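For the sequence shown, the numbering used here gives the first residue as 158, with consecutive numbering after it. Just so it is clear, CB atoms sit at the ideal spot from N, CA and C, and this is done for glycine as well. From a predicted model like this one, the values you see are computed outputs, not experimental measurements. Everything below concerns the one structure shown next.
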Amino acid sequence: MDLTGFRRLNLFSRPTPLQELPRLQKAIECKPRIFMKRDDLTQSGLGGNKNRKLDFVMAEAVSMGSDVIITWAGVQSNHCRQTLAAAKQLGMECHLILGGEEPAAKQGNLLYFTILKANLHFVPGNDDLDKVARDLAEELKKKGRKPYVVPIGASTPLGALGYVESTKEVIEQGAQLGMSFGHAFLATGSAGTQAGAEVEAREKCPSMKIHGVSVSRDAAQQQKSVAEVANGTYALLGIDKTVSPDDIIVHDEYYGGQYAVPTQAGNEAIRLVAETEGILLDPVYTGKAMSGMIDMLRRGRLDDAGAVLFFHTGGYPAIFAFADCFQE
Ligand SMILES: Cc1ncc(COP(=O)(O)O)c(C=O)c1O
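Spelled out as structure tokens, the structure:
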């Protein structure tokens with residue numbers, strides 16, 4: 158898909174690397190070759206998938222003349238980390254609304270927020286952080302500021318263009334190696350990553366099935382969210398197509414039923430990838446997604462493909478807040 162008409166910031170170098178993981182394949186004893194799209198290496202804010210979305214979303218904030226960024230998520234949010242980094246690079250003030258109590262010890266992403274001097278607002282026991290963000294924006298407007306609210310995960314159709322592009326890159330990188338991927342796995346939460354990947358894969362490589370491993374919701378809810386953002390993305394691109402929730406593949410059996418609560422299989426997947434390939438995943442998103450892909454590979458469920466792909470969407474800085482899970 159041609160994205161040249163969309164304003165962007167070029168926050169990181171593209172394309173990110175595509176890396177084969179032969180030692181992981183050997184350890185799993187699976188038939189398909191395993192490749193990883195290293196979107197953890199999008200430099201800004203210690204890397205991750207949000208940079209791809211923010212490249213477009215923050216460009217909109219700049220074009221609107223905004224001088225302060227507001228966003229919200231959990232206390233250990235990767236989205237907040239990358240949004241904060243982008244705001245700092247643009248010389249903007251940044252307010253992070255964090256759903257939870259203020260922890261006594263600042264670790265992982267929270268340490269990062271503290272060092273970069275974000276304006277932190279801890280909001281325990283309130284599910285409507287979106288409203289808290291909008292109220293803060295109104296308050297700042299009254300003081301003559303120009304706030305821009307980035308929705309959670311930057312998962313708007315504009316943000317999803319980031320994953321249209323990542324998927325375009327990886328299809329091209331695969332083709333240069335004479336490969337096409339039968340299955341691609343990613344962690345899915347606020348849905349923009351999978352939505353963008355779906356749109357590009359359906360256009361340019363329909364044989365590549367996108368598997369979202371849910372990190373927070375049951376499959377039906379997540380399929381609906383992904384389809385909604387994907388359809389908004391089609392509309393933004395001027396493509397007269399839609400997907401229905403039933404067209405979207407989501408696995409909800411790998412997150413353990415609770416967002417941000419590590420699973421044993423997820424932590425084992427983190428250790429296996431680290432030991433075999435020297436790459437760190439995280440216990441909230443990529444570790445759980447990898448545990449899903451490994452399980453399906455071990456059960457031979459992906460053997461119809463010569464190669465499978467894993468989108469490394471970042472998140473590893475949060476692992477330092479989960480040190481207890483990894484003490485021998
Ligand atoms: C490391 C990581 N991977 C995957 C995701 C999920 O992406 P999305 O919110 O676009 O579904 C997130 C979201 O916060 C994330 O931080």
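Boundaries for K263: no alpha helix (DSSP H) harbours it, and the DSSP string shows neither H nor E there. Y320 and Q351 have their C-alpha atoms spaced approximately 7 Å apart. If you look at Y305, you'll find it isn't in any alpha helix (DSSP H); it sits in the beta strand (DSSP E) that goes 304-306.
Measuring C-alpha to C-alpha distances from G449 to each of V327, E425, L286, E485 identifies E425 as the nearest.
For S373, the Cβ stays outside the 6 Å cut-off from all heavy atoms of ligand 1. F468 and Q264 have their alpha carbons spaced roughly 25 Å apart. DSSP places C362 in no beta strand (DSSP E); its state is neither H nor E.
Placement of the Cβ of A218 at a distance of 6 Å or more from every heavy atom of ligand 1 is found. Around the CB of R238, 16 or more other CB atoms lie within 10 Å, so the residue is classed as buried. Contact annotation: L203 and P440 have beta-carbon atoms that are not nearer than 7 Å.
Close CB contacts of H278 within its chain, under the 6 Å cut and outside five residues either way in sequence, are with I254 (chain order). The beta carbon of A422 sits closer than 6 Å to the beta carbons of S448 from its chain, once the five residues preceding and following it are set aside; these are given in chain order. Around the Cβ of T345, a 10 Å sphere holds 16 or more other Cβ atoms; the residue is buried.
Taking a 10 Å sphere around the C-beta of P189, we find 16 or more other C-beta atoms and assign the residue as buried. For L253, the secondary structure class from DSSP, reduced to helix, strand or coil, is strand.
L178 is positioned such that its CB atom lies no closer than 7 Å to that of A341.
In the three-state scheme derived from DSSP, where H, G and I count as helix and E and B as strand, E177 is classed as strand. When secondary structure is reduced to three states using DSSP, S371 falls in the strand class. Counting of Cβ neighbours within 10 angstroms places T271 among the exposed residues, the total staying below 16. At least one heavy atom of ligand 1 lies less than 6 Å from the C-beta of A344.
A straight line joining the alpha-carbon of I436 with that of D196 spans about 12 Å.
Here I328 is not near H368, since their CB atoms are 7 Å or more apart.
Inclusion of T470 in the 6 Å shell around ligand 1 follows from its C-beta lying nearer than that to a non-hydrogen atom of the ligand. Taken from the Cβ of T350, at least one heavy atom of ligand 1 lies inside 6 Å. Not a single heavy atom of ligand 1 lies less than 6 Å from the C-beta of H278.
Ranked by how close their Cα comes to the Cα of Y305, the residues P172, D159, D287, E322 have D287 in first place.
Between T433 and R209, the beta carbon gap of about 26 Å keeps them out of contact (Cβ cut-off 8 Å).
Put simply, the backbone Cα of D397 is about 30 Å away from that of D409. Between G310 and W229, the alpha-carbon positions lie close to 9 Å from each other. L247 sits in coil when the DSSP states are folded into three classes, being neither helix nor strand.
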